[in-house]
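Read in order, the letters of the sequence shown are residues 0 to 672 in numbering that gives the first Met the number 0.
Ideal Cβ positions, reconstructed from N, Cα and C, are used throughout, including at glycine.
Remember, predicted model here, so these are calculated numbers, not experimental data.
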Amino acid sequence: MSSFSLEPPNACFSLPRDLRPCRRRAGRQRPVGGQHARAEVKVGVSDWPGWVAWYVAEKKGFFKKHGADVKLVWFPNYTDSISALSAGQLDANAQTWSDTMGPLAKGVPVKAILVNDNSAGNDALVVGPKIRSFADLKGKSVALEQYSVSHFVLVNALAKNGLKASDVKIVNLSAGDAAAAFLGGRVEAAVVWNPWIHQIETSGKGRALFTSKDLPGLIPDLLVAHDKAIAGKRKHLVGLKPSLGLLSARGVVPACRTLDTISIFALTADDAHRVFAVAAAFDAEDAYARPAEPHGVDHGAQAAPRPGVPRADQLDFCGSAVDAQAWADAVAHARGLGAEIVELDIAPLLETARLLYGGPWVAERYQAIRGFIDAQPDAIFPVTREITLGGARPLAADAFAAQYRLQALQRQAAQVWRQVDALLTPTAPTHPTIEAMLAEPIARNSELGLYTNFMNLLDWAAVAVPAGFVTRPGATAPMPHGVTLCAPAHQDVPLLHLARRWQAALQGRAATLGATGQPLPAAQPITPAVPSGQLRVAVCGAHLEGQPLNGQLTSRGARLITLTTTTPDHRLYALPPIVTPAGQRLLRPALVHAPGDPLGRAIEVEVWELPAREFGSFVAAIPAPLGIGKTRLADGSVVPGFICEEGALAGATDITGYGGWRAWVGRQAPVAG
0 MSSFSLEPPN ACFSLPRDLR PCRRRAGRQR PVGGQHARAE VKVGVSDWPG WVAWYVAEKK
60 GFFKKHGADV KLVWFPNYTD SISALSAGQL DANAQTWSDT MGPLAKGVPV KAILVNDNSA
120 GNDALVVGPK IRSFADLKGK SVALEQYSVS HFVLVNALAK NGLKASDVKI VNLSAGDAAA
180 AFLGGRVEAA VVWNPWIHQI ETSGKGRALF TSKDLPGLIP DLLVAHDKAI AGKRKHLVGL
240 KPSLGLLSAR GVVPACRTLD TISIFALTAD DAHRVFAVAA AFDAEDAYAR PAEPHGVDHG
300 AQAAPRPGVP RADQLDFCGS AVDAQAWADA VAHARGLGAE IVELDIAPLL ETARLLYGGP
360 WVAERYQAIR GFIDAQPDAI FPVTREITLG GARPLAADAF AAQYRLQALQ RQAAQVWRQV
420 DALLTPTAPT HPTIEAMLAE PIARNSELGL YTNFMNLLDW AAVAVPAGFV TRPGATAPMP
480 HGVTLCAPAH QDVPLLHLAR RWQAALQGRA ATLGATGQPL PAAQPITPAV PSGQLRVAVC
540 GAHLEGQPLN GQLTSRGARL ITLTTTTPDH RLYALPPIVT PAGQRLLRPA LVHAPGDPLG
600 RAIEVEVWEL PAREFGSFVA AIPAPLGIGK TRLADGSVVP GFICEEGALA GATDITGYGG
660 WRAWVGRQAP VAG
């Protein structure tokens, strides 16, 4: 039995470990009262200090607040909790990454759904005073929980110092009993965690020869769930597939390293956005990482976005009439947001999707686990083994041929962005039954990726959003239906903004948080994870839409945001005409801020947005006496805008009474030139 016990209601620990807990978002939450009863979720915990957080959450009422009926199940022996999860006796368990690999290798269907913390010194190989180096450890007895994270620490420590596991005598004991055996002098070394490390060191009977601090990032502590528990709860979610390289993949076992990206799943688009803002940090140690770039125009915030949809003859729902109708309803939902729907030919996208598993990229999947699958092919799930071993066959020439074809397809696919802001597709054609999946797993998985397998090959970002529920034949209850919004790389933020609008407009059962049945919370302000890289400028004369110099804006990628006015304390003047380099005589206004002037009034202006990189050349093209300063708008905002040198107003005509340049030009006889 363990010599360490938790008293969760009043527990208080001073931990010598560098714990890095996941951050929770603070904010208003809707009460749970009146919601449907929740199925109990059994979560196994043991005596690792990092997992005290689960008892804190229980004590603080976090589970109840979020509508979760969680039962924490205590295991004195850590390895017993792993066995219980593998046997399906728990819905989830708190365990390490290394202790999750064993069950996975045996085909136990579990998934890591949360990184609780990373061990950075709180797992240790402790030794007595007579052992001064690893060489002294050879032939000695080491107490630990066999085949647990402690065993993992020992094997790595030995390997790092030129020894093998066979060089020591392993005594299989629980962590608490291992510490007791060491303190009692029955073994010369032990692998334990706190509080036993602290107890041993303060006793004067031992010290840490090696700790998890010497294995940075190798011991993440996870919440691992059994697939059968996830199946009924993981639905109706928002999924963000960020642009490639924006989230570090360092430490992740790759599938296709050149194409891999870390996805984010959340109940709302805003929560996905918040996680993205925290996680999207450039990692110089990840060879495939790249920094986020400004996204430019925020199409997701426009009143009338222009999403493209596949042509009707290119849609395939695998014979499911209910999914076809759900898609039609989703397109109608998009129109309800003010979207202008554009039908597109997605043939290049569909051909690209077929390259993912039908081309030599499967060789990259083989390379990722080459040593393991070659040595132990029978340890791999049969379907995975069949697909992965197919990657051993393509020739280097095949890889180049596929790269050439992909380059051509990328060029063709990029043409869609001349017509639309984003692409809207079903997330999946339909959802097969488990029986259908088991009967033809490769075919069914290919169908599921029909509208998504091209994303990473084309280097696009995507957000999957809920669209409602459908009753599919053979299903015992309504199942979720979703759609996916995608756009070129670095358009993550506009996509999340569009997903936010999409989700906020859902009604009825669709307007709920995942599988909880709780209503969507009211939207809260959110700071974009990546800046737009755009600047706004107010124009009042020759740069207005349709006026002679408007091309100086549009040629720089500027777009009209709004027609508005200044605050009612401005004066407008017409300067004497100038002759342009092309020989044209040009009329120009001068807008002057005149606070306190009784003759001041609101002047009509247009606000344009252009890339910040273009702003300098735009300003440089403005001839004296005009320049750029700040313009105060009617809504109280202040944006860059035109100003005039004070001395230049001599001889200018006061046209304030017209209220704007267009009104004056319309009454002014044109100047011949």
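Within the same chain, A178 come within 6 angstroms of W195 by CB-CB distance, once the 5 residues on both sides are set aside. Per the Cβ contact rule, the stretch 584-593 is in contact with the stretch 556-572 (3 or more Cβ pairs under 8 angstroms).
Burial check for V251: the Cβ neighbour count within 10 Å stays below 16, so the residue is exposed. In chain order, P293, G532, Q533 and L534 place their CB closer than 8 angstroms to the CB of A611, counting only its own chain and leaving out the 5 sequence neighbours on each side. Assignment of beta-bridge partners to Y572 by DSSP yields A589 and D653.
Here DSSP, grouped into helix, strand and coil, assigns D297 to coil. Residue environment for M454: buried (at least 16 other C-beta atoms within 10 angstroms of its C-beta). Pairing L336 with A504 gives a Cβ-Cβ distance under 8 angstroms. Each residue's CA atom was taken as its position, placing L71 and S85 some 17 angstroms apart.
Between the alpha carbons of R631 and H480 lies a distance of about 47 angstroms.
Just measuring C-alpha positions, the residue of L648, N549, E644 and P576 sitting nearest W607 is N549.
P347 sits away from L423, with the two beta carbons spaced by 8 angstroms or more.
Sequence-distant Cβ neighbours of I602 in its own chain, meaning closer than 7 angstroms and more than five residues away, are C539, T564, T565, H569, L571, L590, G658 and G659. Short of 6 angstroms from the beta carbon of K234, and not among the five residues preceding or following it, lie these beta carbons of its own chain, in chain order: P479 and A514. Within the stretch 210-256, the complete beta strand (DSSP E) segments at least 3 residues long are 219-225 and 237-240, listed from N- to C-terminus.
Sorting V462, H430, L456 and V492 by C-alpha distance to the C-alpha of G473 places H430 at the top.
Scanning its chain for C-beta atoms nearer than 6 angstroms, with the 5 sequence neighbours on each side dropped, one finds around A421 the residues P306, L484 and A486, in chain order.
With a 10 Å radius around the Cβ and a threshold of 16 neighbouring Cβ atoms, Y77 comes out buried. Around W663, the same chain offers I654 and Y657 as residues with beta carbons nearer than 6 angstroms, after the five sequence neighbours per side are excluded. In the three-state DSSP reduction, P194 falls in the coil class, being neither helix nor strand.
The continuous alpha helix (DSSP H) containing W53 extends over residues V51 to K59. Close CB contacts of F62 within its chain, under the 8 angstroms cut and outside five residues either way in sequence, are with A56, D68 and V69 (chain order). Residue pairing by DSSP places F641 opposite I627 in a beta bridge. Inter-segment contact for the stretch 186-195 and the stretch 166-176 is present: three or more beta-carbon pairs are separated by less than 8 angstroms.
Per DSSP, the continuous beta strand (DSSP E) segment holding E605 begins and ends at E603 to P610. E284 carries a coil assignment under DSSP once its states are collapsed to helix, strand and coil.
The three-state secondary structure of L162, taken from DSSP, is coil.
With 16 or more neighbouring CB atoms inside 10 Å of its own CB, S147 falls in the buried class.
Beta-bridge partners of W459 (DSSP): P487.
Taking G507 as reference, the option from R500, G516 and R499 with the minimal CA-CA separation is G516. Secondary structure at H480: strand, using DSSP grouped into helix, strand and coil. In this structure, T257 places its C-beta atom within 8 angstroms of the C-beta atom of E363. The beta-bridge partner set that DSSP reports for P518 consists of T511. Put simply, the backbone Cα of A104 is about 12 angstroms away from that of R384. For P347, the uninterrupted alpha helix (DSSP H) segment begins and ends at A346 to G357. In the three-state reduction of the DSSP assignment, I368 falls in the coil class.
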